[in-house]
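Peer 1:
Chains as they are written, first to last, in our numbering: chain A, 3 to 116; chain B, 85 to 198.
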């Protein structure tokens, strides 16, 4: 079945770059997403990338997609303490002819130390 | 002017009770979803409705019954609550269900079953 994997924890110092990695299994995924969840809050869409793109940049965020390896990464430049949160990778999957839904990874908890 | 709202934000109840969680979106979207996030932060889709019709029903006990009175509302009724139902329940909406439209999440309802 479809699956999305992420490392569970990442710790960086303020001002450094953070790179959060994700692998997915459904090669027919059309869109891949990054969501951010701050403590006690809902999910906030950060950015997304269409599967025919290799890279997307949005201010401090850079998304890289390696479709051959089914690998997605999110780079946050100049990481700030306010970036501390859980980051979820998600793919939109029609695996098995299903109607299609978002499959989420387990989330990477990013801790930013001053 | 909240886009996706849920009530209540917190719900503490006894095992065996019946409870409902309400969701409303004012984005004019056609598709709405319910997700469950467990204590390990794993997020999984439960249901999805498009134009008031059920299109996704993952393996969820039939104690959970979604109801969509109109496109802007998707409520979740839970019968005979069990300890394992304790989780955060997120409502989301998108313009359609094809994955080309991003999903916007509500703030979550934190359910604790005692």
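Cβ atoms here follow ideal geometry from the backbone N, Cα and C, with glycine treated the same way.
Using 7 Å as the threshold, is the C-beta distance between residue 33 of chain A and residue 52 of chain A below it?
Peer 2: yes
Peer 1: At which residues does the beta strand (DSSP E) containing residue 171 of chain B begin and terminate?
Peer 2: 171-178
Peer 1: Using a Cβ-Cβ cut-off of less than 8 Å, list which residues of the segment 9-21 of chain A approach chain B; keep chain order.
Peer 2: Residues are counted here when their Cβ sits less than 8 Å from a Cβ of chain B; for the segment 9-21 of chain A the count is zero.
Peer 1: Where does residue 198 of chain B land, buried or exposed, given buried means 16+ other C-beta within 10 angstroms?
Peer 2: exposed
Peer 1: May I ask you to report which of helix, strand or coil DSSP gives residue 63 of chain A?
Peer 2: strand
Peer 1: As a quick exercise: from B/141, B/157 and B/166, pick the residue whose alpha carbon is nearest that of residue 109 of chain B.
Peer 2: B/157
Peer 1: Give the single residue among A/61, A/81 and A/104 whose Cα lies nearest to the Cα of residue 112 of chain A.
Peer 2: A/81
Peer 1: Contact criterion: CB-CB distance below 7 Å. Does residue 158 of chain B meet it with respect to chain A?
Peer 2: no
Peer 1: Examine chain B for any beta-carbon lying closer than 7 Å to the beta-carbon of residue 109 of chain A, and answer yes or no.
Peer 2: With 7 Å as the cut-off, residue 109 of chain A counts as an interface residue toward chain B.
Peer 1: Taking all protein chains shown into account, decide if residue 56 of chain A is buried (16 or more other Cβ within 10 angstroms of its Cβ) or exposed.
Peer 2: So residue 56 of chain A ends up on the exposed side.
Peer 1: So what does residue 159 of chain B bridge to, in DSSP terms?
Peer 2: B/151
Peer 1: In whole angstroms, give me the CA-to-CA distance for residue 60 of chain A and residue 14 of chain A.
Peer 2: 21 Å
Peer 1: Starting from residue 77 of chain A, follow its DSSP beta bridges and name the residues at the other end.
Peer 2: A/21 and A/64
Peer 1: In angstroms, rounded to a whole number, what distance separates the CA positions of residue 72 of chain A and residue 166 of chain B?
Peer 2: 38 Å
Peer 1: Taking residue 192 of chain B as the query, report the chain A residues whose CB atoms sit under 7 Å from its CB, ordered along the chain.
Peer 2: Chain A residues near residue 192 of chain B: 44.
Peer 1: Would you kindly work out how many angstroms separate the C-alpha atoms of residue 22 of chain A and residue 77 of chain A, rounded to a whole number?
Peer 2: 6 Å
Peer 1: When you compare only the Cα positions, how much space is there between residue 91 of chain B and residue 105 of chain B?
Peer 2: 6 Å
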